[in-house]
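In the working numbering, the protein residues as written are 4 to 331.
So this is what it looks like as structure tokens:
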């Protein structure tokens, strides 16, 4: 096996975020427009066979972590079967899932048995009416039921992802900290990003997480900490507890110099940077019968085009696709 996939700036790429669908059962205001219906047709998505073939090529090039994303990945029928196939690939050390948890109560046990070990759950409010407003009608009790089912199924850690929106949910951050302490979850706070029209609109509610950290330090004793995983969060532990709070700061403190990931969309487009539009299409190769060596050569060539950094601040209108079309 080849053991390293290195971009032009010396960064080792060992993390693939794999979107299995661009569809979602919520309409979070920073992700999808309320009435959006222009999704890909299922025939345009990669099949599970194609995903397995392509992920195998990535693992043979040294990718060790795969995160299943969407849209909402649990809207893709048969997802535990894909998870089972991917978790069995030689070299894959970590298979995780990002979800809104609306359908997690039904799937938690099957996903855990299939080899998914970690979960990231989007949860921007603990208040039912506010949650419904942010998510376009979502029901908080279904998310809470999904979290309960995930804990019962043995998932650990379970990370709560909270996008901080000024004037909308930033008054709940302390409540979310206490909620995560009680339920033994990890909390990750995320800055809004100008991805697509919805992301740019939501960015009007942008909150610099450096100010949030200072606010939390006035109430909690935060100690520098680390946490296993391939993501960009900078972690602190709340003294006297096991709670770790991660700050994901693509705007106020970008982490591009340590970027170790690429994103594959449901229809087989590989994005080298979340904040750029350049992509490499793999679906034509797969459907033309490409073998493993051909796929690996294409992956190497793609990673050789990975840019040094995003330009969210310099060119905020550059990315026209919605977040759900890219994969979280």
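Here a beta-carbon is modelled for each residue, glycine too, at the ideal position from N, C-alpha and C. In this text, all values refer to a predicted model and were calculated from it rather than measured experimentally.
With a 10 Å radius around the Cβ and a threshold of 16 neighbouring Cβ atoms, residue 229 comes out exposed. Secondary structure remark: continuous beta strand (DSSP E) runs of at least 3 residues inside the stretch 218-262, in chain order: 225-228, 237-241 and 247-251. Taken in chain order, the complete beta strand (DSSP E) segments of 3 or more residues contained in the stretch 55-129 are 68-72, 97-102 and 121-125. The residue among 141, 287, 59 and 180 with its C-alpha nearest the C-alpha of residue 91 is 59. Contact between residue 149 and residue 104 holds, since their C-beta atoms are separated by about 3 Å, short of 8 Å.
Shown here, residue 179 sits in a helix according to DSSP, grouped into three states. Using a Cβ distance threshold of 9 Å, residue 107 and residue 146 count as a contacting pair. CA-to-CA, the gap between residue 244 and residue 181 works out to about 10 Å. In this chain, residue 295 is not harboured by any beta strand (DSSP E); it is covered by the alpha helix (DSSP H) spanning 295-306. The alpha-carbon separation between residue 161 and residue 193 amounts to approximately 16 Å.
Between the C-alpha atoms of residue 169 and residue 208 there is a straight-line separation of about 5 Å. Note: residue 165 is bridge-paired with 192 in the DSSP secondary-structure output. Partner residues in the beta bridge of residue 282, as assigned by DSSP, are 274. DSSP, read as helix, strand or coil, puts residue 22 in strand. By DSSP's assignment, residue 265 forms a beta bridge with 19.
Classified as buried, residue 110 has 16 or more neighbouring CB atoms from the shown chains inside 10 Å of its CB. Between residue 76 and residue 124, the beta carbon gap of about 12 Å keeps them out of contact (Cβ cut-off 8 Å).
Note on geometry: alpha-carbon atoms of residue 7 and residue 136 lie some 44 Å from one another. Under the DSSP definition of a beta bridge, residue 171 lacks any partner. Annotation for residue 171: 208 place their beta carbon closer than 6 Å to its own, counting only its chain and skipping 5 residues before and after. Each residue's CA atom was taken as its position, placing residue 46 and residue 89 some 21 Å apart. DSSP places residue 311 outside any alpha helix (DSSP H), giving it a letter other than H or E. 298 is the residue among 260, 298, 250 and 254 whose C-alpha sits nearest the C-alpha of residue 271. Rounded to the nearest angstrom, the gap between the Cα atoms of residue 66 and residue 237 is 22 Å. Going by beta carbons, residue 73 and residue 27 fall inside the 9 Å limit.
Cβ-Cβ distances below 6 Å link residue 210 to 167, 169 and 173 in the same chain, with the five nearest sequence neighbours on each side left out; the list follows chain order. Between the C-alpha atoms of residue 20 and residue 178 there is a straight-line separation of about 30 Å. Counting the other CB atoms within 10 Å of its CB gives residue 261 a total below 16, which places it among the exposed residues.
Beta-bridge analysis with DSSP links residue 9 to 15. Under the 10 Å beta carbon count, residue 17 is surrounded by 16 or more other beta carbons and is classified as buried. Counting C-beta atoms within 10 angstroms of its own C-beta, residue 119 has 16 or more neighbours from the protein chains shown and is therefore classed as buried.
At least 9 Å separates the beta-carbon of residue 99 from that of residue 80.
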